[in-house]
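Colleague:
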Amino acid sequence: MQGINQEVHLPILKEKQLTLFVKREDLIHPFISGNKYRKLKYNILAAQEQNQHTLLTFGGAFSNHIAATAYAGKKYGLRTIGVIRGEELIESWRLNPTLAKAHEHGMEFRFVNRSLYKQRSNISYLEALQVEEGPFYLVPEGGTNALAIKGCEEILSREDKDFNVICSSVGTGGTIAGIINASQENQQVIGFPSLKGDFLKKDICNFVAKENWELNLNYHFGGYAKVSKELIDFINHFKEMTNIPTDPVYTGKLLYGILDLVKQDYFAPGTKILAVHTGGLQGVEGMNLVLKKKNLPLIKV
Ligand SMILES: *Cc1c(COP(=O)(O)O)cnc(C)c1O
Numbered sequence: 001m002q003g004i005n006q007e008v009h010l011p012i013l014k015e016k017q018l019t020l021f022v023k024r025e026d027l028i029h030p031f032i033s034g035n036k037y038r039k040l041k042y043n044i045l046a047a048q049e050q051n052q053h054t055l056l057t058f059g060g061a062f063s064n065h066i067a068a069t070a071y072a073g074k075k076y077g078l079r080t081i082g083v084i085r086g087e088e089l090i091e092s093w094r095l096n097p098t099l100a101k102a103h104e105h106g107m108e109f110r111f112v113n114r115s116l117y118k119q120r121s122n123i124s125y126l127e128a129l130q131v132e133e134g135p136f137y138l139v140p141e142g143g144t145n146a147l148a149i150k151g152c153e154e155i156l157s158r159e160d161k162d163f164n165v166i167c168s169s170v171g172t173g174g175t176i177a178g179i180i181n182a183s184q185e186n187q188q189v190i191g192f193p194s195l196k197g198d199f200l201k202k203d204i205c206n207f208v209a210k211e212n213w214e215l216n217l218n219y220h221f222g223g224y225a226k227v228s229k230e231l232i233d234f235i236n237h238f239k240e241m242t243n244i245p246t247d248p249v250y251t252g253k254l255l256y257g258i259l260d261l262v263k264q265d266y267f268a269p270g271t272k273i274l275a276v277h278t279g280g281l282q283g284v285e286g287m288n289l290v291l292k293k294k295n296l297p298l299i300k301v
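Position 273 (the sequence shown) corresponds to 273 in UniProt numbering; numbering is contiguous.
#1: Can you grab the Cα-Cα spacing for the pair Arg158 / Asn51, in whole Å?
#2: Assuming Gly86 and Ala61 make a contact with CB atoms under 8 Å, what is their CB distance in whole Å?
#3: For Gly178 and Arg110, I'd like the C-alpha separation in whole angstroms.
#4: Which residue or residues does DSSP assign as beta-bridge partners of Lys23?
#5: Is it buried or exposed for Gly197, if we count other Cβ within 10 angstroms and need 16 for buried?
#6: If we call anything under 8 Å between Cβ atoms a contact, is Val189 one with Leu18?
#7: So, for Lys272: in the same chain, excluding its five sequence neighbours on each side, which residues have a beta-carbon less than 6 Å away from its beta-carbon?
#8: For ligand 1, is there a heavy atom less than 7 Å away from the beta-carbon of Ser157?
#9: Rounded to the nearest angstrom, what separates Val284 and Ala46 at their Cα positions?
#10: What is the DSSP secondary structure of Val290, reduced to helix, strand or coil?
#11: If you draw a straight line from the C-alpha of Lys292 to the C-alpha of Asn236, how long is it?
#12: Given 8 Å as the limit, is there contact between the stretch 211-226 and the stretch 249-257, that is, 3 or more CB pairs closer than that?
#13: Just checking His105 against ligand 1 - is the residue's beta carbon closer than 7 Å to any of the ligand's heavy atoms?
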């Protein structure tokens, strides 16, 4: 399964003599879209090989990873347990589109308060969970581990060798690590973190040997899942011009960042740029509920 590359036609690209393609990983599946499919693939194989019947993982209320894990569990016949940040959701989770869908796909929830949630990689907490829940295959928050990175190494294909620059959103850094590993030495990989995080560079270094990459820290819009009117307007405008939908947490910030760098002449004329669309569109409905409350414009779907 491979995302197709779609060329973006915009006057600014023509003016600056640049080529931009979007790798439509968002189209590979409606629920396990984009990078979350890549990140789960080898983990599910490992769970099956280890004869585990339950996947347990962690996530926030709008998490693409929770949505993907729930669906993958249903598809591959595995029980799924989602440890969800926020005790208050016990009352209201049915109103949350991501969680409602995950439940429909069979996921069981354990709602925990924020301080317990912070223990999510603490060995003694995980051991206590094993006692409580019975045996499970652990998928870390966001799905990032060595097997996830192996899966993300399959995002790029041989035909992508001709691009000079490859750009991707960054959350935990697993996806970009896979892209870096699969890139050519003469390609430049640029990651656009969608959150404030000085730890990211070090985390990525743990998984890659190459040095042909950098992070651009200027397009997180205030932090994880933070949005502004400017970002929403961009997402709607970009969709109108190119027919490519993007999400407000990751890929909208990525495309905003790339086109802003284009305006600033960051790329030399003739540069061929590939932007990886990592998916995330399932989160738009939930974000629109938040935007409505804040009286901000909605994302057009
Ligand atoms: C999770 C996610 C990312 C970030 O992936 P990491 O491997 O955590 O860096 C980017 N885009 C989308 C749409 C995601 O859901």
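The beta-carbon is built from N, C-alpha and C at its ideal position, and this holds for glycine as well.
Modeller: The relevant details are as follows:
#1: As a first step, residue 158 is located in the sequence shown; it is residue number 158 there, counting from the start. As a first step, residue 51 is located in the sequence shown; it is residue number 51 there, counting from the start. One C-alpha to the other measures close to 34 Å.
#2: Counted from its first residue, the sequence shown places residue 86 at position 86. Counted from its first residue, the sequence shown places residue 61 at position 61. Contact flag correct, Cβ pair sits at about 6 Å.
#3: Your numbering for residue 178 matches position 178 in the sequence shown. Your numbering for residue 110 matches position 110 in the sequence shown. CA-to-CA, the gap between Gly178 and Arg110 works out to about 31 Å.
#4: Start at 1 with the first residue of the sequence shown, and residue 23 comes out as number 23. Partner(s): Asn5 and Val276.
#5: Here residue 197 refers to the residue found at position 197 when the sequence shown is read from its first residue. Buried is the call here.
#6: If you number the sequence shown from 1, residue 189 lands on position 189. If you number the sequence shown from 1, residue 18 lands on position 18. Contact: no.
#7: Taking the first residue of the sequence shown as position 1, residue 272 is located at position 272. Thr19, Phe163 and Asn164, listed in sequence order.
#8: Along the sequence shown, read from residue 1 onward, the residue named residue 157 stands at position 157. Flag unset: Cβ of Ser157 not near ligand 1.
#9: As a first step, residue 284 must be located in the sequence shown, where it is residue number 284. As a first step, residue 46 must be located in the sequence shown, where it is residue number 46. One C-alpha to the other measures close to 31 Å.
#10: By one-based count along the sequence shown, residue 290 stands at place 290. DSSP places Val290 in helix when its eight states are reduced to three.
#11: Translated into positions along the sequence shown, residue 292 becomes position 292. Translated into positions along the sequence shown, residue 236 becomes position 236. The alpha-carbon atoms of Lys292 and Asn236 are separated by roughly 15 Å.
#12: Flag = yes, the stretch 211-226 and the stretch 249-257 touch.
#13: Here residue 105 is taken as the residue at index 105 of the sequence shown, counted from 1. Incorrect: His105 has no Cβ contact closer than 7 Å to ligand 1.
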